[in-house]
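Accompanying notes for the structure given below.
Structure follows, in structure tokens:
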């Protein structure tokens, strides 16, 4: 690890005895980066800011570090180190040193002192040079035993592999195992593992420990070359029995303002003129292009060995153990981000857009123009990416929908730990900071400039991140649909929109404006949003552009409840990018890994009879804005009533089928409508809860109705709307 690894500098002013060009060369040679924009920097190198003093102080106030030339010289001084084996794993990282904020000018003595430990640690963890002979590496350490986790601070930790341990829990012991019982003791601060005991079979079941998380053969994956790789377009990322040799690593540490990535892949060159293989790596702060390096190798084994060493250096985990459960990832190190890849079979399918681009362009759509307009909006990849950016996800390093299901579940698991801490009488701020760092490491986020990612310390923050993870799940489905190959029996060219429509497996029919259902739904919009009580305020009006009736293959599961009493037509809204997943897979409940306390009435599917409440989940950020919303038939049955948040409400009372969070605002029952099939449409003019006695004390502004069985929901209508500023 270089002394300036992952640090981004901006240079100001003159320096005694050197120039900007010389400093730039020195900084880059030691792993640092140079930027001109202060918003992208982590460090300001300046001896005398002069008239820019206020700007330098503002940079410090935003979390940046202002240093001088003396600090840099001290940082780059060579240190005496003891070389460690490149095979060492799970070594305790050195304690992070917090940088000292300065008030008016940098103090080289303070800054230099704070860097000495970090520099020594960086040198101590350095591995062999890129051109070193791989045969000079030390032998692999002995196999894992539970005792290897019990080691003293004076003793160097042995190099261990988690593979035998993981194999034991997934396949059973291959040979007699040690009889010593592993310790289940948990530590408040563990620099190596978050759990010192063996993993539970439940946690092991969350991930595939022996192969990459890919459906189908690995060689069917299309693995893109890094955007900064300048080699031949015919070069390819290596894929063999060892997996896909492509890794995205991420590390966030809010305390030290680290939010960085490290990407590495083995390149199999099309030409042998410069060696048959190369290892390309790129690193930097999340959101910037960063710095890159190309290491030429003359054999596949040399390339693999270099790749493995780099991976272990960054993660403290062997490449073979990259899919370890969440609690076996090394603390204060990079984590491996599990991603999905496009399939060759989909891209080269006989009727795929890539194969028949010209034919698809010439084909005429058979869909109704209104349906074409809707599908164009729902499958707009640019819109999906923009929604992810708005939620802080780093789209540059994680292409849309490419996080695997298992990686998203790790995010849910960390949120569950955060939620458990928040609900304590006195939450530990340090624990919340560390857990927030772990969450951002699992789900990469881009912070603005050098700003620190926000600590997740409130229930509202947890709910926001839960919404993000659920959106990522829906986006996975949407991108899978876009890449899904068409029926090979189809021989005629099919328009792109028609192909996407077939993949939804949902019949979408536009309602004419003269249809009685259209008029009823328009009235529902006017009653519960456009004509809502002035006291609650509204920043926009909802213009209904089109209404569609829906018939899905999933409707069959609703049939057992289709004759139940108390079936209501209720609102459910979401971001545009989520609708392809909703229409094709139905509305879903958060997975078991998600914290129940992140939901006001437990984990379920939420509805309301007030569009003013539901439309908030469209998250419109500008106006006019195209948005979609659902009206679902919900079999509520008999509801248990709640006036306050109850995240255990999913454990229903005997005889109850749903939960009703009673709002302080109701709708006049005189305006309610019952459809021909017996479904109640609970619309009406808003009435304050003073007329309803106890309801005026409710913590709910509007009614919230929750079911905990996906079969109790049947999407009936989809509205395509425009939000207009008023």
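Residue numbers (the UniProt record's numbering): 1 to 726.
Note that CB positions come from ideal geometry on N, CA and C, so glycine has one too.
If you reduce the DSSP assignment to three classes, tell me which class residue 514 lands in.
Here the question's residue 514 lines up with position 514 in the chain shown. The answer is coil: DSSP assigns residue 514 none of H, G, I, E or B.
Within this structure, are the beta carbons of residue 56 and residue 9 separated by less than 8 Å?
Counting from 1 along the chain shown, the entry for residue 56 is found at position 56. Counting from 1 along the chain shown, the entry for residue 9 is found at position 9. No, they are not a contact pair.
What three-state label does DSSP hand residue 715 in the structure shown?
Residue numbering aside, residue 715 sits at position 715 when the chain shown is read from its first letter. If DSSP states are grouped into helix, strand and coil, residue 715 belongs with the strands.
Residue 222 versus residue 242 - alpha carbon distance
As a position in the chain shown, residue 222 is number 222, starting the count at 1. As a position in the chain shown, residue 242 is number 242, starting the count at 1. One C-alpha to the other measures close to 16 Å.
Output the boundary residues of the beta strand (DSSP E) element that contains residue 441.
As a working note, residue 441 is residue 441 in the chain shown. Note, residue 441: premise wrong, no beta strand (DSSP E); alpha helix (DSSP H) at 429-442.
Quick test of the definition: if touching needs 3 or more C-beta pairs under 8 Å, does the region 604-618 touch the region 507-521?
no
Residues in its own chain within less than 6 Å of residue 26 by CB, not counting five upstream and five downstream?
The sequence position of residue 26 within the chain shown is 26, counting from 1. Closer than 6 Å at the Cβ level, and outside the excluded window around residue 26, lies no residue.
I want to know whether the region 265-284 touches the region 450-458 - three or more CB-CB distances under 8 Å.
no
With a threshold of 7 Å on Cβ separation, who are the neighbours of residue 684 within its own chain once the five nearest residues in sequence on each side are excluded?
Locating residue 684 in the chain shown gives position 684, counting from the first residue. So the qualifying residues of the chain are 527, 667, 668, 669, 670, 671 and 672.
Could you work out which residue in 614, 717 and 299 is closest to residue 551 when comparing CA atoms only?
Taking the first residue of the chain shown as position 1, residue 551 is located at position 551. Per the Cα distances, 717.
Among 562, 429, 546 and 473, nearest to residue 407 - alpha-carbon criterion:
Residue numbering aside, residue 407 sits at position 407 when the chain shown is read from its first letter. Selected option, being the one with the closest Cα: 473.
Given a cut-off of 8 Å on the beta-carbon distance, is the pair residue 557 and residue 601 in contact?
The sequence position of residue 557 within the chain shown is 557, counting from 1. The sequence position of residue 601 within the chain shown is 601, counting from 1. Contact flag unset, no.
Residue 570 versus 443, 648, 463 and 702, residue with shortest Cα-Cα distance:
Taking the chain shown and counting its residues from 1, the one referred to as residue 570 is at position 570. Ranking 443, 648, 463 and 702 by Cα distance to residue 570 puts 702 first.
Backbone CA spacing between residue 471 and residue 617 [nearest angstrom]
Residue 471 sits at position 471 when you count from the first residue of the chain shown. Residue 617 sits at position 617 when you count from the first residue of the chain shown. So the two alpha carbons sit approximately 11 Å from each other.
Where does the unbroken beta strand (DSSP E) through residue 225 begin, and where does it stop?
As a working note, residue 225 is residue 225 in the chain shown. Run containing residue 225: none; DSSP gives neither H nor E here.
Residue 309 versus 340, 247 and 324, residue with shortest Cα-Cα distance:
Counting from one through the chain shown, the residue named residue 309 turns up at place 309. Answer by Cα proximity: 247.
Shortest alpha-carbon distance to residue 445 belongs to which of 412, 426, 465 and 433?
If you number the chain shown from 1, residue 445 lands on position 445. Checked all of 412, 426, 465 and 433; the closest Cα to residue 445 is 465.
Out of curiosity, what's the CA-to-CA distance linking residue 517 and residue 632?
The residue given as residue 517 occupies position 517 in the chain shown. The residue given as residue 632 occupies position 632 in the chain shown. Near 14 Å, if we compare the C-alpha coordinates of residue 632 and residue 517.
Using 8 Å for Cβ pairs, my map puts residue 391 next to residue 475. What's the rounded Cβ distance?
As a working note, residue 391 is residue 391 in the chain shown. As a working note, residue 475 is residue 475 in the chain shown. About 11 Å; that fails the 8 Å criterion.
Contacts around residue 593, its chain only, beta-carbon distance under 7 Å, and the 5 residues preceding and following it disregarded
Working through the chain shown from its first residue, we reach residue 593 at position 593. Short of 7 Å from the beta carbon of residue 593, and not among the five residues preceding or following it, lie these beta carbons of its own chain, in chain order: 409, 412, 413 and 416.
Proximal residues to residue 252 (C-beta, below 7 Å), its chain only, five neighbours per side dropped
By one-based count along the chain shown, residue 252 stands at place 252. Same-chain partners within the cutoff: 258, 259, 437, 440, 441 and 453.
If you drop the 5 nearest sequence neighbours on each side, which residues of the same chain put their C-beta closer than 6 Å to that of residue 423?
Along the chain shown, one-based indexing puts residue 423 at 423. Closer than 6 Å at Cβ, skipping near neighbours: 597.
With distance defined between alpha-carbon atoms, name the residue in 726, 611 and 659 nearest to residue 622.
Position 622 of the chain shown holds residue 622. Cα-wise, what sits closest to residue 622 is 726.
Ignoring anything shorter than 3 residues, give me the beta strand (DSSP E) runs that lie fully in the region 652-705, in order along the chain.
658-661, 665-667 and 686-688
Of the residues 648, 49, 568 and 54, which one's Cα is nearest the Cα of residue 69?
Taking the chain shown and counting its residues from 1, one reaches residue 69 at position 69. Of 648, 49, 568 and 54, the residue nearest in Cα terms is 49.
Residue of 629, 587 and 647 minimising C-alpha distance to residue 521:
Working through the chain shown from its first residue, we reach residue 521 at position 521. Considering only alpha carbons, the answer is 629.
Following the continuous alpha helix (DSSP H) through residue 584, name the residue where it begins and the one where it ends.
Here residue 584 refers to the residue found at position 584 of the chain shown. 579-585 is the span of the alpha helix (DSSP H), which, as asked, contains residue 584.
Taking the straight line between their C-alpha atoms, what separation do you get for residue 13 and residue 63?
Residue 13 sits at position 13 when you count from the first residue of the chain shown. Residue 63 sits at position 63 when you count from the first residue of the chain shown. Between residue 13 and residue 63, the C-alpha separation is close to 21 Å.
Which residues mark the beginning and the end of the beta strand (DSSP E) in which residue 633 is found?
One-based indexing of the chain shown puts residue 633 at position 633. It spans 625-635 - the beta strand (DSSP E) in which residue 633 sits, taken as one unbroken run.
Give the C-beta separation of residue 713 and residue 583 to the nearest angstrom, bearing in mind that I take them to be a contact with Cβ-Cβ under 8 Å.
Taking the first residue of the chain shown as 1, we reach residue 713 at position 713. Taking the first residue of the chain shown as 1, we reach residue 583 at position 583. That pair is no contact at about 13 Å.
Compute the distance between the beta-carbons of residue 338 and residue 404, then report whether it is under 8 Å.
Locating residue 338 in the chain shown gives position 338, where the first residue counts as 1. Locating residue 404 in the chain shown gives position 404, where the first residue counts as 1. In contact: residue 338 and residue 404 (Cβ atoms closer than 8 Å).
Since residue 498 and residue 365 are thought to touch, with beta carbons under 8 Å apart, how far apart are those beta carbons, to the nearest angstrom?
Reading the chain shown from its first residue, position 498 is the one you call residue 498. Reading the chain shown from its first residue, position 365 is the one you call residue 365. Right, the Cβ-Cβ distance comes to about 5 Å (below 8 Å), so this counts as a contact.
Proximity of residue 303 and residue 336 at Cβ, strictly below 8 Å
Walking along the chain shown from the start, residue 303 turns up at place 303. Walking along the chain shown from the start, residue 336 turns up at place 336. The answer is no: Cβ separation not under 8 Å.
Beta carbon of residue 249 nearer than 8 Å to that of residue 262
In the chain shown, residue 249 corresponds to position 249, counting from 1. In the chain shown, residue 262 corresponds to position 262, counting from 1. Cβ distance < 8 Å, so residue 249 and residue 262 count as in contact.
Output the residue ranges of the beta strand (DSSP E) runs that lie fully inside the region 232-282 and measure 3 residues or longer, sorted by chain position.
Listed in chain order, they are 246-253 and 258-268.
DSSP on residue 541, reduced to helix/strand/coil?
By one-based count along the chain shown, residue 541 stands at place 541. Correct three-state label for residue 541: strand.
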